[in-house]
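Enquirer: Below is the structure I would like to discuss, written out as structure tokens.
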Amino acid sequence: MTGYVLDLREIRKSYGRSEALAGISLAMREGEFVGLLGPNGAGKSTLFQIIAGLFAPDGGQVQLFGLNHASNGPRILARLGVVFQTRSVDLDISVVANLRFHGRLFGQSGGELAQRIEALCAQFNLDDFRNRPVRTLSGGQQRRVEIARALINEPALLIMDEPSAGLDASSRRDLVSHVRALARTEGVAVLWATHLVDEVGDADRIVILDHGRILADDKPTALMEATSAADLTDVYEKILHRQLGDEDPG
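Residue numbers (this note's numbering): 589 to 838.
Structure (structure tokens):
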């Protein structure tokens, strides 16, 4: 065991001549809330697909809970919750049917599963349309279904790729608050990828990723001190600008 719920070492991934991840290392412990910031094309989605076991890296080591996907895939997935950037719920069945189906994949059934569905519907304000086909819901409502589904198995590690997409400002704040509470009170490790700096201002650590490379990994206050920045948005802009400057010829 490494002592980490997530331990990535020198992960590389390329698509043809395009390098999506250029040897990144990242580790997380129980209860950590880590904000992963980066512009579109930074490599965030590729990183999440590797963590979820959908892609194998070209190089490096991936461990979750001290295990690797090659020989322990089912054990890892039982403790992992994932919210991808693209929709993955079944649009033609109801909210409850989606949650029930996903719960059964984890061996839940009967009263235990029913109680879990009730709790999640209440937490994410899904009660009023719980029996409607997901296709009939707004984009923000569909997103809440996806997040509830990712939590059905009470994961130890929750990875979320642009989880607030389609949500209004109030719903975004509620989502951040709820997930942050999961980390603080239940010890769930959370990796939250976004390009919206305000969503992760209260994170334990901030990781800034661009062009497949980690440019920074530290506490928000430490990053502000190191860059003489007024706030986290200023940190993000300064570090990305510095990266662009490093790439300029001459």
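Every residue gets a Cβ at the ideal spot worked out from N, C-alpha and C, and that includes glycine.
In chain order, what residues of the same chain lie with their CB nearer than 6 Å to the CB of I796, ignoring the 5 residues before and after it?
Expert: Once the five neighbours on either side are set aside, the close Cβ partners of I796 are L625, L803, A804 and I827.
Enquirer: To the nearest angstrom, report how far apart A576 and E813 are at their CA atoms.
Expert: As displayed, the chain neither begins before 589 nor continues past 838, which places residue 576 out of reach and without an answer.
Enquirer: Excluding the 5 residues preceding and the 5 following I681 in the sequence, name in chain order all residues of the same chain whose CB lies nearer than 8 Å to its CB.
Expert: Taken in chain order, the residues that qualify are F689, P721 and V722.
Enquirer: Who pairs with R600 in a beta bridge, going by DSSP?
Expert: A610 and G647.
Enquirer: Mapping DSSP to helix, strand and coil, what is V622?
Expert: Strand, per DSSP.
Enquirer: For I747 versus L687, is the C-beta distance shorter than 9 Å?
Expert: Contact: no.
Enquirer: What are the partner residues of D806, as DSSP defines its beta bridges?
Expert: DSSP, once it has assigned bridges, lists I794 as partnering D806.
Enquirer: Quick check on R801: does DSSP put it in helix, strand or coil?
Expert: Correct three-state label for R801: strand.
Enquirer: Going by the DSSP bridge assignment, what does V670 pair with across the sheet?
Expert: According to DSSP, which records beta bridges pairwise, V670 is partnered with I747.
Enquirer: Taking 9 Å as the cut-off, decide whether the C-beta atoms of L655 and V683 are in contact.
Expert: Taking 9 Å as the Cβ cut-off, L655 and V683 do not qualify as a contacting pair.
Enquirer: Considering only C-alpha positions, which residue in the set R732, L745, A791 and E774 is nearest to D534?
Expert: Here the chain covers residues 589 to 838 and nothing more, so residue 534 does not appear.
Enquirer: Between L594 and L652, is the Cβ-Cβ spacing less than 9 Å?
Expert: Yes, Cβ-Cβ distance for L594 and L652 is below 9 Å.
Enquirer: Kindly identify the DSSP beta-bridge partner or partners of P721.
Expert: According to DSSP, which records beta bridges pairwise, P721 is partnered with S682.
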